[in-house]
């Protein structure tokens, strides 16, 4: 492991996002942008990683725990109570690095496309040239908004000029600073101690350390990455969406190369965290999110929405919403089904059009084909559920369970007033409202007898 630690700056409020949510937690293809940065830093081989937090720091820690084993990966949290600039943020880690003689990688937390490969190139250059500081930069056709990297006229030393302070000549320079640095630790903190908040915002800018190190006679180098896309930051929703489109397309390309067919990538969105087996076909308009796992030879879509589900081999889902459910092999869902969390749909079972299933278990080969609500129910194998069937699970106080045994036949428009149990092989007459248990093999009819009356009237009604 290298003698290297990282400092990730994630304390800013991100006011341009116009959000109550911390900027670094805004998601890109199923992961907060900060997770992408942390993974890149970990690939660079940093032994310890100090995450500087300020605005809603506790929320950031809570969310990160769902994505990374923080302590195992050497991630520690440092609080910046007053948001006084990037230099001040780095200064908060000084006490943790007292006596440390290695190098420090400093990265902003809003660079989700940054790769471990580019960080490694920066670090290797830093070591090879024995620099006090090495800056990562890029060249842009339109450098507006970025600080310019300017070499001194004598060829020695580098400085960063922020756009608002740049001369017209300096603004024409298209080589820009992207906010990623590798410092020699002892030089970093010597320079930061000399930074003064002599700017309009009265903040301590880390970029000032570059010029200070030059004045101290320290060696400052730079690495220019040709892939400017990789170092794009996220400051507003427009930039977030553009980066998400890019990451999604890269993810779809990866899936295509592993044997997944995506009929129309331009209308398909799949989170980076999703796993899909070969020979599965994703039809247009489909969205697959979260920790979804999909087997082989499935047909999903068009217009399937699937989130945090386990989909086994050979499943078909058409134009339906499925959340937090497990769909077993060769089952069929849709079109226009709504499968809610906690549901299990068994092998070769079917949930058809305009059906909602909530927190229920549907056995092998059971068919819920039309216009039905199945909630808090256990349905056995080989059951036929007629159109318009409802399990009435809520009594106004609590949810109650309906149990229907194997090979039961349920006629159309039946209602089950839970809690109720139907035995194996029973038959429920169409239009019945079942309020009591039905023994196995019995026929239950719970409806008023049909009455036919003569409709002749004694008096003719004037219209």
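In this note's numbering, the protein residues as written are 190 to 652.
C-beta: ideal position from N, C-alpha, C; glycine also.
No experiment lies behind these values; they were computed from the predicted model shown.
What's the C-alpha gap between residue i and residue j?
i           : j           : result
residue 541 : residue 629 : 26 Å
residue 643 : residue 626 : 37 Å
residue 601 : residue 636 : 12 Å
residue 211 : residue 308 : 25 Å
residue 510 : residue 528 : 6 Å
residue 583 : residue 608 : 9 Å
residue 362 : residue 249 : 37 Å
residue 193 : residue 214 : 26 Å
residue 229 : residue 404 : 32 Å
residue 351 : residue 372 : 20 Å
residue 424 : residue 319 : 34 Å
residue 476 : residue 449 : 15 Å
residue 190 : residue 238 : In this predicted model, residue 190 has a pLDDT of only 48, less than 50, meaning its place in the structure is not dependable; the value taken from the coordinates is given anyway. One C-alpha to the other measures close to 13 Å.
residue 522 : residue 430 : 31 Å
residue 292 : residue 524 : 58 Å
residue 634 : residue 473 : 45 Å
residue 378 : residue 300 : 24 Å
residue 631 : residue 554 : 21 Å
residue 312 : residue 304 : 13 Å
Put residue i into one of helix, strand or coil per three-state DSSP.
i           : result
residue 639 : coil
residue 348 : strand
residue 502 : coil
residue 190 : The predicted position of residue 190 is uncertain, since its pLDDT is 48 and thus under 50; a value taken from the coordinates is nonetheless stated next. Coil at residue 190, not helix or strand.
residue 517 : coil
residue 497 : coil
residue 195 : strand
residue 467 : coil
residue 488 : strand
Got a sec, what are the start and stop residues for the beta strand (DSSP E) residue i sits in?
i           : result
residue 558 : 556-559
residue 340 : 337-340
residue 410 : 409-414
residue 246 : Run containing residue 246: none in the beta strand (DSSP E); it sits in the alpha helix (DSSP H), 246-253.
residue 265 : 264-268
residue 610 : 609-611
residue 368 : 364-373
residue 326 : 322-328
residue 478 : 476-478
residue 242 : 237-242
Can you give me the Cβ contacts of residue i inside the same chain, cut-off strictly under 7 Å, excluding the 5 residues immediately before and after it?
i           : result
residue 440 : 218, 459 and 461
residue 278 : 198, 200, 241 and 269
residue 204 : none
Span of the alpha helix (DSSP H) holding residue i?
i           : result
residue 630 : No alpha helix (DSSP H) contains residue 630, which DSSP labels as neither H nor E.
residue 306 : 305-318
residue 225 : 222-232
residue 358 : 357-360
Considering only residues of the same chain and omitting the five flanking positions on each side of residue i, which have a CB-CB separation below 6 Å?
i           : result
residue 603 : 578, 617 and 621
residue 556 : 539 and 573
residue 569 : 552, 594 and 595
residue 545 : 527 and 562
residue 289 : 374
residue 407 : 321 and 376
residue 456 : 473 and 474
Residues in its own chain within less than 8 Å of residue i by CB, not counting five upstream and five downstream?
i           : result
residue 653 : With the chain covering only 190 through 652, there is no way to say anything about residue 653.
residue 326 : 338, 364, 365, 366, 367, 411, 412, 413 and 414
residue 485 : 466, 467, 468, 469, 502 and 503
residue 324 : 338, 347, 349, 366, 369, 370, 399, 409, 410, 411 and 412
residue 624 : 606, 609 and 635
residue 281 : 241, 267, 268 and 269
residue 390 : 274
Taking CB distances under 7 Å as the criterion, tell me whether residue i reaches chain B.
i           : result
residue 510 : This model lacks chain B altogether, as it is built from one protein chain only.
Which runs of the beta strand (DSSP E) fall wholly inside the stretch 379-464 and span at least 3 residues, in chain order?
Restricted to the stretch 379-464, the beta strand (DSSP E) segments that are unbroken, complete and at least 3 residues in length are 409-414, listed in chain order.
Please give me, in chain order, every unbroken run of the beta strand (DSSP E) with length at least 3 that falls completely inside the stretch 519-593.
List check, beta strand (DSSP E) in window: 539-542, 545-547, 556-559, 562-564, 566-568, 579-581 and 591-593.
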